[in-house]
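For the first sequence, the UniProt record's numbering gives the first residue as 1, with consecutive numbering after it.
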Amino acid sequence: MQENKNENTQEDAGDILSQRRRKNKEMKAAGINLYPNDFKVSHGINAVRQEIEGAPDRMGPDGPVFSVAGRMMAINRFGKSAFIRIKDGSGELIQAYLQSKMLGEAFDLFKQMDVGDFVGVTGTLFTTRTGEWTLDASTFRLLSKATRPLPEKYHGLKDPEKRYRKRYVDLIMNPEVREIFLRRSRMIQAVREFFITRGFLEVETPMMQVVAGGAEATPFVTHHNALGMDLFLRIAPELYLKRLVVGGFDKVFEINRNFRNEGVSTRHNPEFTMMEFYWAYATDADLMALSEELFAHVAKAVTGDVVVNYQGHAIRFDGIWPKIPLLDALVEIGGVDKKLLDDREGLLAFAKEKNISVTKTEKLGKVLTKLFDVLVEPKLIQPTFITGYPVEVSPLSRRSDKNPMLTERFELFVAGREIGNGFSELNDPEDQRQRFLMQVQEREAGDAEAHMMDEDYIEALEYGMPPTAGQGIGMDRLAMLLTDAASIREVILFPHMKPVSHQ
RNA sequence: GGGUCGUUAACUCAGCCGGUAGAGUAUCUGCCUUUUAAGCAGAGAGUCGUUGGUUCGAAUCCAACACGACCCA
C-alpha cells in the first residue's frame, strides 16, 4: 500500500506547480486558448462602482450590462455555481456569480480555473442576501492562465525578502504596498508640477560621467568598450545643472537617479532618486522660503494634509520653519561647550569622550559636522533648516560675505534625518579652483569621498554664471515621510538585493 | 565591517531538553446554486537555506558559508 503511494508521488510530482503545468498542457491539447486577447472591457471595476453609486435603482436584470476583466482573487465553489472575486488595475474588487445553467460549457471551463487567473465576465448586477453588489455572469472567459499559485489569501505575503524580490506578488497581495507606490507617484508628480508652474525647465543630464562630482561620495565605475575608457555613474547632477545655468537656462530641475557606492541600510540604497533645482538670481534665503512652500504643497497633494504622521510623530509641513546656525545648534541642541567651537583639539577630545569617531587629520569644519550628525541631527524632528556650514565641508557653496569661514548653505532636517541641502552657488571660478585643490589634497590624504578636480566645470564658470542658488532633495526619503515607511526599501519598487545562489 | 535574530510544504507558522516532520490556507478526489477566511468527507505534497562536524541516530547540538531583518560603525 505504502510502496504504491511512493511510486505515485514520484511519477506525479505532486507539487502545485507541476500539477498546474500538466493541467495547462492538457487544456492546450483540448484546444483551449489559455491566452486570448480579444475580450473587450466596458468598465473598469472602479467605474462599475461609480455607476452603482450614481444610480443603484437602475441596476438589475433589465439594467446596464458590464464587461469587466481582472485577476480572480477568490473562488467559492458550490458545485453547479460559484462566487468569484475579480480585481483589476483600479485596485478595486467586484464579485461575480457564475451558474452552470447560465454559462453551459463556459462553466465547465471555469471548473478548471484557479485563483490568480485573469478572467473576463459580462453580466448585469444584483445584490446577494448580504447586500453585496454582484455581477450575474452571462459570459465567462479565461483571459490569461496563472501557472504559479498566489500566496494564501488570509496571511498573504509577509516575508520581507520575498516581498522585495517578488515585488509583483507583493503588489498583488498587499493593498497597502500598492498605496505606497501610488503615493510615491503622486509625490513625484506634485514636485514636478510645483517647479514647472514656477517656470523651471525639466532637464536630463548625464548619468555616466568622466568626473563624478557634485557630492562627497564614492562612485560606481563602469567601462565603455568602444571608447576604451572607464566612466563613473553619477553621484549628483549638480555640476551639469549649473553648466546649464551658465548656458542660459535660469531655472532648471532634474528628478532622476544617483548612484553611490556605499553600504545599504534602512536609509540607503545604492541607487536613489534625487531632485535638484537651480535658480538664477536667487539666494539660499529664497531656497528656504521655496522649500517651505514646496513641502506643504507636496504633503497636501499626497496625503491631503500638511500635517503628516511619521513613525508616531505629527510632522507639520506648514508655516515658517526654524533656521538655526550650525554652531548655535551644536551648543544649544548638541550640548557642545561654546568655547570649544574653534578649538579643534578640544573638540577631538570631546568627540572621543562621546564615542564619536573622528580622525585626527580632519579639519575643524569636518569635526563640527560629524559632531552635529550624532548630537543634533537625530533630535531635529520637525522641519528645521541648519545654516552657516563651514567652507571646508562645502566646496561648491558661496562664501558668506559676513564670515568668509562659513558659506551661504543650509541643510534641511525632518524626522531626525537630512532631507535636503541647498546653497547660494559658488560662481567665482578662482575660488572654485582653490576649493577643488583643497579637496584634491584631502583625497590624496586618504579621503576617498573628496571631490576630484573638474577643469571643465571651472571653464564653464569662467564663461560667467549668474548669481544662483540650488538645492537637492532626496525623493526616497521624502517618500518615506509621506508614506510613514521606516525603511527606504518600502518606497523603492525593486530595492537592491543580492542574488541567491541556492534556489 | 561588528552584534542580535531569522531561513521548515506554494503561503503563514508550529516542532528545537537529539529518535527521522506537523497545522491552517492552497492543491487533488467526491458532495454542494447566495458564499464572504463558505461547508462536509477523504488524499497527496518537504534536499527542515548550504556545506561540514559531533552522535548509533541531527530540522533540533557545534562550526563555516549564503541570503534576509533590525541595531551599531
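Beta carbons are placed, not taken as given, at the ideal position from N, Cα and C, and that holds for glycine.
One or two residues paired with residue i in a DSSP bridge
i	result
Glu470	Just to set this straight, residue 470 is Gly in the shown sequence, not Glu. Paired residues: Tyr278, Phe423.
Phe232	Gln209, Val221
Pro325	Thr387
Val414	Arg417
Phe39	According to DSSP, which records beta bridges pairwise, Phe39 is partnered with nothing at all.
Ala96	Ile84, Leu135
His451	According to DSSP, which records beta bridges pairwise, His451 is partnered with nothing at all.
Val68	Val121
Thr407	Arg399
Ile315	Val308
Ala74	Arg85
Leu201	Val252
Cβ pair residue i, residue j closer than 7 Å
i	j	result
Ala450	Glu459	no
Ala212	Ile235	yes
Pro467	Tyr240	no
Val169	Leu182	no
Val246	Met465	yes
Leu461	Pro429	yes
Phe249	Leu201	yes
Ala96	Leu135	yes
Leu233	Phe220	yes
Gly365	Val331	no
Phe317	Ala301	no
Lys145	Leu34	yes
Met187	Ala448	no
Gly44	Arg178	no
His313	Ile381	yes
Beta-carbon separation (whole angstroms), residue i vs residue j, contact threshold 8 Å
i	j	result
Phe118	Leu143	4 Å
Arg398	Phe423	7 Å
Ser100	Ser81	6 Å
Pro132	Thr283	The displayed chain sequence assigns Glu, not Pro, to residue 132. Rounded, the Cβ-Cβ distance is 60 Å, inconsistent with contact.
Ile324	Thr387	7 Å
Gln439	Pro383	Wrong, their Cβ atoms sit about 30 Å apart, outside the cutoff.
Pro64	Glu51	7 Å
Ile320	Leu481	Contact flag wrong, Cβ pair sits at about 19 Å.
Ala486	Gln311	6 Å
Gly120	Ala69	4 Å
Leu375	Gly416	Not confirmed; about 12 Å, so no contact.
Gly214	Glu238	3 Å
Leu287	Gln471	5 Å
Ala74	Met102	Ala74 to Met102, Cβ: 20 Å. No contact.
Residue i to residue j span [Cα, whole Å]
i	j	result
Gly474	Asn427	24 Å
Leu93	Val307	31 Å
Ser357	Lys370	8 Å
Thr222	Glu411	31 Å
Thr122	Phe83	14 Å
Lys352	Ser265	25 Å
Ile333	Pro404	25 Å
Gly420	Asp38	50 Å
Met72	Arg85	6 Å
Pro270	Arg257	10 Å
Tyr389	Ala329	11 Å
residue 543	Thr127	Because the chain spans 1 through 503 in this model, residue 543 falls outside it and cannot be assessed.
Thr205	Leu493	23 Å
Pro495	Arg489	5 Å
Thr147	Asn24	8 Å
Ala289	Ala469	12 Å
Asn309	Ala217	31 Å
Gln112	Gln19	12 Å
Lys402	Lys339	21 Å
Leu348	Asp305	44 Å
Pro149	Ile172	12 Å
Val491	Arg184	7 Å
Gly89	Val252	34 Å
Thr303	Asp484	11 Å
Asp62	Leu125	9 Å
Lys87	Phe350	60 Å
Phe259	Val48	44 Å
Val41	Arg21	28 Å
Practice problem: May I have a chain-ordered list of the beta strand (DSSP E) segments no shorter than 3 residues that lie completely inside the segment 104-151? | Solution: 118-127, 133-144
Quiz prompt | Complete runs of the alpha helix (DSSP H) confined to the segment 237-309 [at least 4 residues] | solution = 238-246, 284-303
Quiz item: If you scan the segment 327-398 from start to end, which runs of the beta strand (DSSP E) of 3 or more residues do you find wholly inside it?
Solution: 384-387
Quiz prompt | Contiguous alpha helix (DSSP H) assignments of at least 4 residues, all confined to the segment 146-199 | solution = 160-165, 167-173, 175-197
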